[in-house]
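Engineer:
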Amino acid sequence: MFGGSSNSAANKSESAASDSSKSDKKSPSPDTKTDSTRPSDHATSGGKRSGNGSPPGRHHADTGTEKKRRSSGVGSKASSLIASAKNTLNFSQASRSNSDLNTQTSLQKLGKQDQSLAVPQGQHNNSAGDSTPGPRSTFRVGVWEDRNKKCRRTMEDTHAFLYNFLHTPAPRLATDPGSPNLKSHNSGEGVDAQSEHAAQNMMETDNGYFAIFDGHAGTFAADWCGKKLHLILEETIRKNPNVPIPELLDQTFTNVDAQLEKLPLKNSGCTAAIAVLRWEDRVPSSSSATGSQAIAPAAAAASKASEASKPKDGKTEDDSSNTAVPEAAHAKLKGSAQRQRVLYTANVGDARIILCRAGKALRLSYDHKGSDENEGKRIANAGGLILNNRVNGVLAVTRALGDTYMKDLVTGHPYTTETVIQAELDEFIIIACDGLWDVCSDQEAVDLVRDIQDPVAASKLLVDHALSRFSTDNLSCMIVRFDKAALLKNQQNKDNAIGVEGDSADAGGKVSEADKIVSSTKQMIAEGGAPAVGVSASNSGRGYDPVPVDDSDAFKPTTLDGPVEEEPASLDDSDQPEVDTSALPQPDAIKTPTEASPNTAEPAAKSSRET
Numbered sequence: 001m002f003g004g005s006s007n008s009a010a011n012k013s014e015s016a017a018s019d020s021s022k023s024d025k026k027s028p029s030p031d032t033k034t035d036s037t038r039p040s041d042h043a044t045s046g047g048k049r050s051g052n053g054s055p056p057g058r059h060h061a062d063t064g065t066e067k068k069r070r071s072s073g074v075g076s077k078a079s080s081l082i083a084s085a086k087n088t089l090n091f092s093q094a095s096r097s098n099s100d101l102n103t104q105t106s107l108q109k110l111g112k113q114d115q116s117l118a119v120p121q122g123q124h125n126n127s128a129g130d131s132t133p134g135p136r137s138t139f140r141v142g143v144w145e146d147r148n149k150k151c152r153r154t155m156e157d158t159h160a161f162l163y164n165f166l167h168t169p170a171p172r173l174a175t176d177p178g179s180p181n182l183k184s185h186n187s188g189e190g191v192d193a194q195s196e197h198a199a200q201n202m203m204e205t206d207n208g209y210f211a212i213f214d215g216h217a218g219t220f221a222a223d224w225c226g227k228k229l230h231l232i233l234e235e236t237i238r239k240n241p242n243v244p245i246p247e248l249l250d251q252t253f254t255n256v257d258a259q260l261e262k263l264p265l266k267n268s269g270c271t272a273a274i275a276v277l278r279w280e281d282r283v284p285s286s287s288s289a290t291g292s293q294a295i296a297p298a299a300a301a302a303s304k305a306s307e308a309s310k311p312k313d314g315k316t317e318d319d320s321s322n323t324a325v326p327e328a329a330h331a332k333l334k335g336s337a338q339r340q341r342v343l344y345t346a347n348v349g350d351a352r353i354i355l356c357r358a359g360k361a362l363r364l365s366y367d368h369k370g371s372d373e374n375e376g377k378r379i380a381n382a383g384g385l386i387l388n389n390r391v392n393g394v395l396a397v398t399r400a401l402g403d404t405y406m407k408d409l410v411t412g413h414p415y416t417t418e419t420v421i422q423a424e425l426d427e428f429i430i431i432a433c434d435g436l437w438d439v440c441s442d443q444e445a446v447d448l449v450r451d452i453q454d455p456v457a458a459s460k461l462l463v464d465h466a467l468s469r470f471s472t473d474n475l476s477c478m479i480v481r482f483d484k485a486a487l488l489k490n491q492q493n494k495d496n497a498i499g500v501e502g503d504s505a506d507a508g509g510k511v512s513e514a515d516k517i518v519s520s521t522k523q524m525i526a527e528g529g530a531p532a533v534g535v536s537a538s539n540s541g542r543g544y545d546p547v548p549v550d551d552s553d554a555f556k557p558t559t560l561d562g563p564v565e566e567e568p569a570s571l572d573d574s575d576q577p578e579v580d581t582s583a584l585p586q587p588d589a590i591k592t593p594t595e596a597s598p599n600t601a602e603p604a605a606k607s608s609r610e611t
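In terms of our numbering, the sequence shown opens at residue 1 and continues consecutively.
1) Please classify H159: does DSSP put it in a helix, a strand, or coil?
2) Nearest to Q251 by alpha carbon, out of E156, L401, A423?
3) On the three-state DSSP scale, how would you describe T411?
4) With distances taken from CA atoms, which of N148, W144, A128 is nearest F165?
5) With N474 as the anchor, note down where its beta strand (DSSP E) starts and where it stops.
6) Give me the DSSP bridge partner(s) of S292.
7) When you compare only the Cα positions, how much space is there between N493 and D483?
8) Less than 9 Å separating the beta-carbons of V143 and M406?
9) Would you mind sorting Q115 into buried or exposed? The rule is 16 or more other CB atoms within 10 Å of its CB.
10) What I want to know is whether the C-beta of P297 ends up closer than 8 Å to one or more non-hydrogen atoms of the ligand MN.
11) Output the residue ranges of the beta strand (DSSP E) runs that lie fully inside the region 434 to 507 and measure 3 residues or longer, sorted by chain position.
12) Return the chain-ordered list of same chain residues with a C-beta closer than 6 Å to the C-beta of E375, the five sequence neighbours on each side being excluded.
13) For Y415, which residues of its own chain have a beta-carbon under 6 Å away from its beta-carbon, when the five flanking residues on both sides are left out?
14) Check each candidate in D473, K360, R339, A458 and name the one with the smallest Cα separation from D495.
15) Alpha carbon to alpha carbon, how far is A458 from H159?
16) Leaving aside the five residues before and after G499 along the sequence, list all residues of the same chain whose C-beta is less than 7 Å from its C-beta, in chain order.
17) For F165, which three-state DSSP category applies?
18) Do you know how far the Cα of K150 is from the Cα of W437?
19) Under 8 Å by Cβ, that's how I've got I431 and I212 pegged, so tell me the actual separation to the nearest angstrom.
20) Put K266 into one of helix, strand or coil per three-state DSSP.
21) Which same chain residues, not among the five before or five after N389, have their C-beta less than 6 Å away from its C-beta?
22) Once you ignore the five residues that flank L110 on each side, which residues in its own chain have a CB closer than 6 Å to its CB?
23) For M524, which of helix, strand or coil comes out of DSSP?
24) Would G134 and G215 be called neighbours here (beta carbons separated by less than 9 Å)?
25) Excluding sequence positions up to five away, which residues of its chain have a Cβ less than 7 Å from the Cβ of H618?
26) Excluding five sequence neighbours on each side, which residues of the same chain lie with their C-beta closer than 7 Å to the C-beta of A337?
27) Among residues of its own chain, excluding the 5 on either side of N255, which ones have a beta-carbon nearer than 6 Å to its beta-carbon?
28) Would G335 pass as a contact of V420 if the rule is Cβ separation under 9 Å?
29) With respect to the alpha helix (DSSP H) encompassing H368, which residues constitute its N-terminal and C-terminal limits?
30) Just to confirm my understanding: we take H230, look at its own chain, exclude 5 residues before and 5 after, and list those with CB closer than 8 Å. What are they?
31) Can you have a look at P264 and say buried or exposed, based on whether 16 or more other CB atoms are within 10 angstroms of its CB?
32) By Cβ distance below 6 Å, which residues in the same chain neighbour D473 in space, the five residues on each side in sequence not counted?
33) Would DSSP call E424 helix, strand or coil?
34) Would you decide whether R352 is buried or exposed? Buried here means 16 or more other CB atoms lie within 10 Å of its CB.
35) Assign G226 to buried or exposed, taking buried as 16 or more other Cβ atoms, counted over all protein chains shown, within 10 Å of its Cβ.
36) What would DSSP say about R352, mapped onto helix, strand or coil?
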């Protein structure tokens with residue numbers, strides 16, 4: 001736009017005349033006194049103006065009052081805008097704080113009372129916390145999630161897993177002093193010892209815990225179970241070492257239902273699929289469907305039979321399943337015991353657990369749906385009815401955790417199984433919610449992922465497959481891949497075995513992984529570094545590790561001590577914007593649009609006048 005000196009004065013006059021003729025064609029302005037306020041010909045010719053609206057280097061005395069008025073008006077508007085922005089910033093920050101308090105979930109509020117609910121999400125969005133495999137782990141866990149945003153507005157699935165679940169406790173012997181009063185690390189009586197537990201080493205057990213919870217009517221029940229069910233199960237096992245695990249799973253589900261009934265959001269519920277993989281010393285048993293039985297329950301059963309053969313003396317019998325084992329009976333059974341890998345499962349609802357054995361899909365769960373004939377009869381006997389394959393026309397599942405408002409019909413008692421793992425045949429297990437099984441059969445799922453060794457990649461493949469089949473539900477899939485070589489090595493290494501209380505590797509003074517995670521969280525809170533409560537939707541339904549977000553350029557709110565008052569407008573020349581006119585070309589050096597391009601002279605002049 002800016003060139004060298006002008007070619008001639010004639011060109012200037014011609015340009016001015018052209019601009020004057022163009023201005024006559026312009027529509028009249030509402031202000032009839034345009035002549036007194038219209039800038040000079042150099043301004044209308046498209047030359048660059050200074051900050052106060054005058055051409056550079058021109059300060060006429062007759063426009064001094066107008067310049068002051070314009071300057072004071074601009075300063076007043078600027079001050080008003082700045083004050084308004086600052087006040088809006090302060091008010092929006094306060095509004096945002098109030099909004100955060102109002103939108104806190106029930107789980108976040110309960111986390112202040114029960115700090116085990118404040119455990120942050122772990123790797124792969126693990127609700128149980130950060131759990132990683134140890135050097136002697138014989139399995140690997142992979143998880144993948146998807147909210148299915150085309151069909152679902154929220155993510156209501158939750159999952160949890162542990163690589164070092166509670167070790168298999170030794171049987172309670174009749175000679176053990178005070179054994180019935182064993183305390184759990186997670187019970188209320190053990191809270192004072194949490195700081196000590198946080199400082200202790202975690203024991204490596206190679207016992208696994210895997211769970212998926214599919215929530216309905218909100219995420220509260222699913223999130224709560226993801227944080228608490230494994231803790232309640234560990235506590236139940238500690239207190240009842242001689243009771244078979246299927247019975248303890250049933251007790252745990254019943255206990256969870258009772259605790260959910262005391263909490264808010266009684267209409268929230270969830271289906272659950274739980275698997276516990278652990279090492280056990282087992283003895284042959286003809287009464288067991290698996291052909292063997294763990295030492296503690298077997299010894300308790302033998303003790304019960306021995307007591308039953310004795311004459312009654314009028315005393316009330318204790319719970320036979322938790323009967324103390326005579327030391328002699330335990331020693332006899334231990335001599336013939338064999339270390340085996342056992343998988344226990346429990347489920348309510350329609351989430352499934354599938355075991356791949358030599359390429360064949362074995363279902364270890366039961367679909368509790370309104371369309372099931374057996375469940376329909378149970379609902380009818382309880383006083384309910386099935387409408388459109390739903391309990392009382394509301395719930396599609398006939399068993400669930402939570403749903404307190406119709407607990408008489410929708411029971412929380414699970415379907416349980418017990419399976420001895422065969423290292424040569426068993427390859428992996430799949431735990432997934434009904435979003436997958438609605439569009440995929442058990443065998444099809446096994447065939448799709450059998451040759452994929454990475455459990456995360458296998459889980460993702462199943463989720464993507466369900467999406468391609470137009471599944472309309474949230475999707476969560478967990479795959480536990482067994483390491484055959486490591487499994488056989490641990491099973492045959494009796495001198496350095498792990499997983500059972502009393503093993504040489506099970507040194508004293510160690511705590512379980514769940515205890516360690518909860519203790520570390522409580523210690524963090526006590527030191528003032530309280531973590532955020534993790535929930536199922538914390539990473540928008542992604543089961544993998546979320547990429548860290550760089551918040552260096554994030555919005556940082558500013559607070560003000562008091563309101564900002566608008567400054568009065570000044571009428572002197574000091575408010576005028578300072579413009580260094582020496583750096584600008586003089587009017588004689590401005591090339592007119594006519595000189596630059598005859599075709600663009602008219603639009604440039606018109607634009608200048610409209611401005």
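Don't be surprised by glycine CBs; every beta carbon is placed ideally from N, CA and C.
Structural biologist: This is what the structure gives:
1) strand
2) L401
3) strand
4) A128
5) Here N474 belongs to no beta strand (DSSP E), and DSSP marks it neither H nor E.
6) P284
7) 15 Å
8) no
9) buried
10) The ligand MN is not part of the structure shown, which contains no ligands of any sort.
11) 475 to 482
12) H368, T398
13) N347, Y366
14) R339
15) 17 Å
16) H167, T168, T205, D206, N207, R278, W279
17) coil
18) 18 Å
19) 5 Å
20) coil
21) G370, S371
22) L117
23) helix
24) no
25) Given that the chain is displayed from residue 1 to residue 611, the structure contains no residue 618 and the question cannot be resolved.
26) D281, R282, V283, I295
27) I232
28) no
29) H368 -> no alpha helix (DSSP H), and no H or E assigned at all.
30) A128, A160, L162, F165, Y209, A211, A514
31) exposed
32) G435
33) coil
34) buried
35) buried
36) strand
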